[in-house]
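Protein chains: 2
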Amino acid sequence: MKKVTINSVAEYAGVSKKTVSRVLNNEPNVSPATREKVLKVFEELNYKPNPIARGLAQNRSFIIGCLYDNPSKSYITRVQSGALEACQKHSYNLLIHPCELRGQDLIDNVDQLLTTSRLDGIVLTPPFSDSNELIAFLKQRNIPYARVASAIEGDDSISIRSNDEQGAFELTEHLINLGHTEIAFIKGHPDHSATENRFSGYQKALAKHGIEYRERLVAEGNFSYHSGADSAKAILDLEPRPTAVFASNDYMAAAVLKLATQREIKVPEQLSIAGFDNAPIARHIWPGLTTIAQPVEEMTRIAVEELIKHISQPQEAPFQQVLEAKLITRESTKARSDS
Amino acid sequence: MKKVTINSVAEYAGVSKKTVSRVLNNEPNVSPATREKVLKVFEELNYKPNPIARGLAQNRSFIIGCLYDNPSKSYITRVQSGALEACQKHSYNLLIHPCELRGQDLIDNVDQLLTTSRLDGIVLTPPFSDSNELIAFLKQRNIPYARVASAIEGDDSISIRSNDEQGAFELTEHLINLGHTEIAFIKGHPDHSATENRFSGYQKALAKHGIEYRERLVAEGNFSYHSGADSAKAILDLEPRPTAVFASNDYMAAAVLKLATQREIKVPEQLSIAGFDNAPIARHIWPGLTTIAQPVEEMTRIAVEELIKHISQPQEAPFQQVLEAKLITRESTKARSDS
DNA sequence: ATACAGTCTGACACCGGTGTCATAATGTCG
DNA sequence: CGACATTATGACACCGGTGTCAGACTGTAT
Numbered sequence: 043m044k045k046v047t048i049n050s051v052a053e054y055a056g057v058s059k060k061t062v063s064r065v066l067n068n069e070p071n072v073s074p075a076t077r078e079k080v081l082k083v084f085e086e087l088n089y090k091p092n093p094i095a096r097g098l099a100q101n102r103s104f105i106i107g108c109l110y111d112n113p114s115k116s117y118i119t120r121v122q123s124g125a126l127e128a129c130q131k132h133s134y135n136l137l138i139h140p141c142e143l144r145g146q147d148l149i150d151n152v153d154q155l156l157t158t159s160r161l162d163g164i165v166l167t168p169p170f171s172d173s174n175e176l177i178a179f180l181k182q183r184n185i186p187y188a189r190v191a192s193a194i195e196g197d198d199s200i201s202i203r204s205n206d207e208q209g210a211f212e213l214t215e216h217l218i219n220l221g222h223t224e225i226a227f228i229k230g231h232p233d234h235s236a237t238e239n240r241f242s243g244y245q246k247a248l249a250k251h252g253i254e255y256r257e258r259l260v261a262e263g264n265f266s267y268h269s270g271a272d273s274a275k276a277i278l279d280l281e282p283r284p285t286a287v288f289a290s291n292d293y294m295a296a297a298v299l300k301l302a303t304q305r306e307i308k309v310p311e312q313l314s315i316a317g318f319d320n321a322p323i324a325r326h327i328w329p330g331l332t333t334i335a336q337p338v339e340e341m342t343r344i345a346v347e348e349l350i351k352h353i354s355q356p357q358e359a360p361f362q363q364v365l366e367a368k369l370i371t372r373e374s375t376k377a378r379s380d381s
Numbered sequence: 043m044k045k046v047t048i049n050s051v052a053e054y055a056g057v058s059k060k061t062v063s064r065v066l067n068n069e070p071n072v073s074p075a076t077r078e079k080v081l082k083v084f085e086e087l088n089y090k091p092n093p094i095a096r097g098l099a100q101n102r103s104f105i106i107g108c109l110y111d112n113p114s115k116s117y118i119t120r121v122q123s124g125a126l127e128a129c130q131k132h133s134y135n136l137l138i139h140p141c142e143l144r145g146q147d148l149i150d151n152v153d154q155l156l157t158t159s160r161l162d163g164i165v166l167t168p169p170f171s172d173s174n175e176l177i178a179f180l181k182q183r184n185i186p187y188a189r190v191a192s193a194i195e196g197d198d199s200i201s202i203r204s205n206d207e208q209g210a211f212e213l214t215e216h217l218i219n220l221g222h223t224e225i226a227f228i229k230g231h232p233d234h235s236a237t238e239n240r241f242s243g244y245q246k247a248l249a250k251h252g253i254e255y256r257e258r259l260v261a262e263g264n265f266s267y268h269s270g271a272d273s274a275k276a277i278l279d280l281e282p283r284p285t286a287v288f289a290s291n292d293y294m295a296a297a298v299l300k301l302a303t304q305r306e307i308k309v310p311e312q313l314s315i316a317g318f319d320n321a322p323i324a325r326h327i328w329p330g331l332t333t334i335a336q337p338v339e340e341m342t343r344i345a346v347e348e349l350i351k352h353i354s355q356p357q358e359a360p361f362q363q364v365l366e367a368k369l370i371t372r373e374s375t376k377a378r379s380d381s
């Protein structure tokens, strides 16, 4: 199998390299006859352009980087799957790069990444999507980026998020409608903007229904299962015990369920539990978790598609979009028993 | 920030491009003085070689591809994390490429991947690590590859696996030592070689302890939670009901636990359940699952390291290694109650 | 026929490195 | 001290594409 390069194609078709390149890139000013002829040779020789050479000439790599630092593996998996879909569609590749937001050398780390990989663009997933420091750095380096699930509004970049506040509001209202008034809340990681939004949705729903907000019902988590276990302990020790718990993600909700089951507190009869995200675990446990389905894959897919669009032809208009979240009811929530 | 290329370094240092290149690649035949001088200029100008140009000249991309088709997200996450560690250490990048083993166009798909990305090597994760068709194709195309968790022995490629049979044997023996004799087994996906190995470990342990193997206790799964749920149904409907279930991975074990809990069968008092892999879910549910810890990250890390080593200097000797699996005891298994 | 704009095409340099080979400088040995 | 091997260095082509620009070839208006 001999290598087929642009030179062999040009020679075979009896035209210049440049003309072949024009056909390759759909450039104008090629006569239909010539174009046809070259395309035929592509077929005949089964020619595929070398992306590396192309990259060198255009100073592009056709690679998108995905930055993450997230305790939820399933979240990352979903992010990747959305990003991959967009990449494959546009013949880009996806390079994954986990690193720590709080690492002292975050900027150095990303700098290193950029110089060793020449990424064409970067998708920032939470908590990076809200890191002003990182964003400033990328701007300075002139690297295109897109932000997923970020709270920063009105800047001039690509940003897709889902409506966390609305989701949390609906979920809280669902619990209230079931008769619950003592609803504990477990916060997420303070570095994630979703944390504040979900908390705010919870508070607003309480307010709307005239239920007093009580700080003692709120525990600090960080989205990890482990933090959920700690919060669960604090909450289940409360006297009187709340009749419902709303955890800011499904992993923490699962931790609450585990502890409740260990203590032989019946869920949902004695305690309703709800999560957020609709992670796989929400339906892998019994009772299944009532939760909010967040379109993580779709958010990321759109973010990457817009990013690629932006790379090929930088426009002025920033692309911003908010997707809706949706309530999923399962067995873990039930009307409060009045006993 | 002006671009620093090999030309500017050469000019600044007062040597030729080629000499700079020599220093860059640690080639011999550079006088210590010159080397020193050039290295100093590297520092001074903060020079980083452009990997794309380097790739073009050497026909390399410094990218490793990772192929997967696996229903277990946590498995994939762990694979990635091991692969990333090795890649970062050697300044390679990791490109992830999910695709379907049973897809008609698997070969086309991989062919496409190779021509659009010029991968330097590929890590095959199950079930690809056992696909003779794919391996033949990679050989023909002369693409280096490493196989993770494959059963194929004695071929001349890099292969790392863990001792599935031994793990399953130990786990089964653990159940037998707890007094169980009616031990149901849920098989994994037939395309994965681990499936056969785990099954064989189960059978050998039964044989060693003089327990008759009964086919009716065996259900066919495919590693997905869903298949575990189906198998769980079949097993829990058996009369008399087995006193223990050994599922070939933790997701399927979790499905058994869910159904048992739904049916108010007490675990582990009335039913012991064990899984395999030590996936996160094993400790996120109650009772925690007794399982076998497989060093997935380590296997993949070693596989990628050997692959990279092989790429830079192809040796003759195939690298093959088998890592041990380890029993983790949690709450889901208990001595059989004689009631 | 002449001028001029618009379309098509190819020669050539260039992206930023590496490989080959010739040559200069140095060292070794009889 | 000359002959020869070894080490150090650079000139130059090359990897496989793209960008620039000049020139040839159309068509249309004068």
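In order, the protein sequence lines correspond to chains A and B. Every position in the first sequence, counted from 1, becomes a number in our numbering once 42 is added. Every position in the second sequence, counted from 1, becomes a number in our numbering once 42 is added. Backbone N, C-alpha and C define an ideal beta-carbon position, used for all residues, glycine too. What you are looking at is a predicted structure, and each value in this text was computed from that prediction instead of being measured.
Using a C-beta cutoff of 9 Å, does residue i count as contacting chain B?
i: Tyr-267(A); result: yes
i: His-326(A); result: yes
i: Pro-93(A); result: yes
i: Ile-194(A); result: no
i: Lys-90(A); result: yes
i: Gln-312(A); result: no
Measuring only the C-alpha atoms, how far is residue i from residue j?
i: Ala-324(A); j: Tyr-110(B); result: 24 Å
i: Glu-306(A); j: Ala-271(A); result: 16 Å
i: Ala-55(B); j: Val-65(B); result: 12 Å
i: Asp-279(B); j: Tyr-255(B); result: 19 Å
i: Ser-116(A); j: Lys-115(B); result: 7 Å
i: Gly-312(A); j: Thr-285(A); result: With the sequence shown as reference, residue 312(A) is identified as Gln, and Gly is not the correct amino acid for it. Going by the C-alpha atoms only, they are around 7 Å apart.
i: Asp-233(A); j: Pro-360(B); result: 47 Å
i: Pro-91(B); j: Gly-97(A); result: 15 Å
i: Ile-94(A); j: Leu-136(A); result: 15 Å
i: Pro-356(B); j: Thr-158(B); result: 24 Å
i: Glu-212(B); j: Glu-238(B); result: 16 Å
i: Glu-30(A); j: Ser-204(A); result: For residue 30(A) there is no data in the structure shown, the boundaries of chain A being 43 and 381.
i: Pro-168(A); j: His-231(A); result: 10 Å
i: Asp-198(B); j: Val-338(B); result: 22 Å
i: Ile-149(B); j: Leu-176(B); result: 7 Å
i: Ser-171(A); j: Glu-348(B); result: 35 Å
i: His-326(A); j: Leu-301(A); result: 16 Å
i: Glu-195(B); j: Ser-201(B); result: 8 Å
i: Asn-68(B); j: Leu-369(B); result: 46 Å
i: Leu-87(A); j: Ala-295(B); result: 52 Å
When the distance is taken between beta carbons, is residue j closer than 9 Å to residue i?
i: Thr-375(A); j: Pro-282(A); result: no
i: Val-346(A); j: Ile-106(A); result: yes
i: Gln-122(B); j: Cys-141(B); result: no
i: Val-190(A); j: Thr-333(A); result: no
i: Ala-261(A); j: Ile-228(A); result: yes
i: Gly-221(A); j: Ala-377(A); result: yes
i: Val-80(B); j: Thr-61(B); result: yes
i: Ile-164(B); j: Ala-188(B); result: yes
i: Leu-161(B); j: Ser-103(B); result: yes
i: Ala-297(B); j: Ala-276(B); result: no
i: Cys-129(B); j: Ile-350(B); result: yes
i: Gly-330(B); j: Glu-373(B); result: yes
i: Ile-118(B); j: Leu-126(A); result: no
i: Arg-183(A); j: Leu-156(A); result: yes
If you measure from the beta carbon of residue i to each beta carbon in chain A, is any gap under 9 Å?
i: Gly-97(B); result: yes
i: Ala-343(B); result: According to the sequence as given, residue 343(B) is Arg; it is not Ala. Chain A contact via Cβ: absent.
i: Arg-160(B); result: yes
i: Asn-320(B); result: no
i: Ser-103(B); result: yes
i: Ser-133(B); result: yes
Under the assumption that residue i contacts residue j (Cβ atoms under 8 Å), give the Cβ distance between them as a whole number of angstroms.
i: Gln-363(A); j: Gly-209(A); result: Gln-363(A) to Gly-209(A), Cβ: 16 Å. No contact.
i: Val-152(B); j: Ala-226(B); result: The Cβ separation is near 38 Å, so there is no contact.
i: Asp-206(B); j: Ala-236(B); result: 5 Å
Output the residue ranges of the beta strand (DSSP E) runs that lie fully inside the region 108 to 146 of chain A and measure 3 residues or longer, sorted by chain position. 135 to 140
At what residue ranges does the region 234 to 301 of chain A contain a whole run of the beta strand (DSSP E), taking only runs of 3 or more? 286 to 289
What ranges does the beta strand (DSSP E) occupy inside the region 143 to 215 of chain A, keeping only unbroken runs of at least 3 residues that lie completely in it? 163 to 166, 187 to 190 and 200 to 204
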